[in-house]
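In mature numbering (1 follows the signal peptide of the UniProt record, and there is no 0), the protein residues as written are -19 to -1, 1 to 576. Reviewing the structure listed below.
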Amino acid sequence: MILLLLCCAGCGFCGKVLVWPCDMSHWLNLKIILEELIARSHEVTVIIPSHTFLIDYRKSSALNFEVFHVPQGKEFTDDISKKFMDLAVNVLPNLPSWQSAIKLNNFFAGYNQQFKLLCESVVYNQTLMKKLQETNYDVMIIDPVVPCGELLAELLAVPFVITLKSSIGGNIEKYCGKLPSPPSYVPVHMVGLTDRMTFLERVKNTLSFVFFNLWIQYYDFHFWKQFYSTVLGRPTTLCETLGKAEIWLMRTYWDSEFPHPYFPNFQFVGGLHCKPAKPLPKYYTFEIQRIFSLQEMEEFVHSSGEDGILVFSLGSFIYNLTDEKANLIASALAQVPQKVLWRYSGKKPATLAANTRIYDWIPQNDLLGHPKTKAFITHGGINGIYEAIYHGVPMVGIPLFSDQPDNIANMKAKGAAVEVNWNTMTSADLLRALRTITNDPSYKENAMRLSRIHHDQPMKPLDRAVFWIEFVMRHKGAKHLRSAAHDLTWFQYHSLDIGTGQKYKENAMKLSRIQHDQPVKPLDRAVFWIESVMRHKGAKHLRPAAHDLTWFQYHSLDVIGFLLACVASVIVIISKLFLFCWRKFAKTPNKKKKE
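The following block contains the structure:
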């Protein structure tokens, strides 16, 4: 009886959570949220295909795994991994950021048929669907990178929460989430721009905005509309289904993100995985059962003296480089006074110096939090970016693809990073960047400023993520936070037409419950932000760049005018050419006839 009471006391509301995950680094972030939900006595079930990259459902875990068979074998996942690796290392870094985003879009679009087969393996599996329906889940958490989770939630009639850093071009957030994104000061995701753009950059941003909007509509209507409509038995689209999300957990925050408009059902939880540094371990056992000895790591770090150390990682995906690129990097590292810890499992470079050690794996968070760490050399993955922000470490960014150029551009704009181009990088370029970041104290100061901002939140990111998931469970959704924009046609949304519609005591009580169910009391929140302004001498990082634009720049009228002028010029030139050709060739026969 006592044990039962203790269990009940530890769980104000114990719910059932169903999860549709995405593999690789996305899973590492999501797993932290799921482990916290389990710690709060919720029952968590992850639905996954029989072949995965990092998600090991055979390993003993507090998570429940619902495994479904897919027609594609292990060869399919290996093929995706191999082709994606080649794309990420050899193709995308050689392209401008916007072309890289398009190429990445096309890569995933090429696997849509396989993604449909994966989805069919779930929604047409009557045994599995019956089991899921009988479980009566309270909420579903989905990663929208691989479509189907939102479709499954709709079939099960379960409210769902989306977890996302950003989509290609910001399509899912803008088009499906209806997030306002004026191209005059909100940079399109994965184009590598900041919120303070020149005129030509705003032209580029506007064209990218239009292109990605058209692309997501083509992608939705061409690949998924018919499939989703058939499964649900009514006309619908992928974006319409995604738009029914109760809460969007965005893995960013205003320490790394530029200020922009957002709805209250968008909650920012960037850095939820970050933790205080622990002492460096002697051994670490990786999930594939390889044991790496790290007993000399602490000695190596301490031997750096006042010069300190540099931490270098290109992420878990980039584990091999060409001999030329590896030697180029090693040559630059050999010329810095710091000791370097480099995560790399490829062939040992011939130019590797005594000040550089190579490891198959490094305890990155613990190293970044070490007092001797001077800088972080990174590809710009958001997990590493947030660990550096958390510990106040300046960065040398070498972005490769996806959101990495954006992440590094953001850090550059905030004065906490310098960037080196992967494609054109020479040993001298990398060395120059390393010397700049370690010798100019402003980078460390700015990194520490971002760290203070990150830590100065009314609620920790992980607690905020879990609060809103539990909120959806308690209230069977969060419809009061969902914008009416989802219920408008495109012409109504743009005020080309108008429309709207709404009981009494029940609604009043519902509003009362919602008002009381807040993560922080309104008065406490007001005082927190007043004190925050006092602590940081302002809150410039929260002020949108829109304040610095004229009214015609804000509405992109100068960009529109420029584009119209370009179109008019092209029309005039074509008309002139046509008239010239007509006079030249059409009148010649007439002259001959007269002769």
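Every residue, glycine too, gets a C-beta built ideally from N, C-alpha and C.
What's the call for residue i, buried or exposed, on a 16-neighbour Cβ count within 10 Å?
i	result
V321	buried
K521	exposed
I552	exposed
R324	buried
Q270	Low local confidence applies: a pLDDT of 33 at Q270 is under 50, so the model's placement there is unreliable, with the coordinate-based value given in what follows. Exposed is the call here.
G482	No answer about G482 holds up, because its pLDDT of 40 lies below 50 and its placement is not dependable.
residue 580	Residue 580 cannot be examined here, being either before or after the span of the chain that is shown, -19 to 576.
W563	exposed
D124	buried
I379	buried
V169	buried
L492	exposed
V508	exposed
I554	exposed
C547	exposed
H283	exposed
Y105	exposed
Q345	buried
W1	buried
G130	buried
V70	buried
V172	buried
K565	exposed
P128	buried
C514	For the sequence presented, residue 514 should be read as Val rather than Cys. Its Cβ having fewer than 16 others within 10 Å, V514 is exposed.
Sort the options by Cα distance to residue i and report the nearest one.
i	options	result
A335	D384, A315, K353	A315
K259	H372, D176, L309	H372
S432	Y367, I358, N301	Y367
E135	D421, I511, S147, Y118	Y118
D384	L132, G151, T33	G151
W235	E227, P245, V250, N246	V250
E24	T222, P344, V(-3), R232	V(-3)
G(-5)	T116, F382, Q473, V501	T116
S423	P439, A394, F96	A394
E154	L230, T26, L558	L230
L364	N427, L145, N87	Per the sequence presented here, residue 364 reads as Asn, with Leu not at that position. Out of N427, L145, N87, L145 has the C-alpha closest to the C-alpha of N364.
L342	T354, S326, T332, K353	Note that residue 342 corresponds to Trp in the displayed sequence, not to Leu. Of T354, S326, T332, K353, the residue nearest in Cα terms is S326.
K441	L133, M515, S408, V501	V501
L181	L560, S550, G542, K557	G542
F382	A409, H435, S148	S148
G362	V377, N45, T354	V377
I36	E17, S22, G296, L11	L11
A459	K159, M490, K111, I495	I495
T233	I122, N93, D387	D387
H241	S210, I197, G296, L160	L160
Y38	D4, M66, D59	D4
D539	T187, V120, Q499	T187
Please look up how many angstroms separate the CB atoms of residue i and residue j, rounded, as I've assumed it's under 8 Å.
i	j	result
A398	M392	4 Å
G224	H456	The Cβ separation is near 19 Å, so there is no contact.
G43	I14	Rather than Gly, the amino acid found at residue 43 in this sequence is Ala. About 13 Å; that fails the 8 Å criterion.
Q248	L291	The pair is not a contact, with the Cβ atoms about 35 Å apart (cut-off 8 Å).
residue 584	S294	Lying before the first or after the last residue shown, residue 584 is absent from the chain, which here runs from -19 to 576.
L73	K84	6 Å
S165	H528	No, S165 and H528 are not in contact; Cβ-Cβ is about 12 Å, not under 8 Å.
V167	D176	7 Å
P352	K425	Actually they are not in contact, since the Cβ atoms of P352 and K425 sit about 13 Å apart, beyond 8 Å.
N246	R445	Not really, about 13 Å apart at Cβ, beyond 8 Å.
(request) For the region 357 to 440, list the beta strand (DSSP E) runs that are entirely contained and at least 3 residues long, ordered along the chain. (result) 376 to 378, 398 to 400
(request) Examine the Cβ distances between the region 214 to 232 and the region 410 to 430 and report whether three or more of them are shorter than 8 Å. (result) no
(message) Just to confirm the assignment: which complete alpha helix (DSSP H) runs, minimum length 4, are found wholly within the region 190 to 249?
(response) 206 to 213, 219 to 223
(request) Only counting runs of 4 or more residues, tell me where the alpha helix (DSSP H) segments fall wholly within the region 116 to 192, in order along the chain. (result) 130 to 137
(message) Just to confirm the assignment: which complete alpha helix (DSSP H) runs, minimum length 4, are found wholly within the region 48 to 108?
(response) Entirely contained in the region 48 to 108, the alpha helix (DSSP H) runs reaching 4 residues are, in chain order, 55 to 67, 78 to 90, 93 to 104.
(request) Enumerate, from N- to C-terminal direction, the unbroken beta strand (DSSP E) stretches of 3 or more residues contained entirely within the region 292 to 367. (result) Here the runs fully enclosed are 320 to 324, 337 to 340, 354 to 359.
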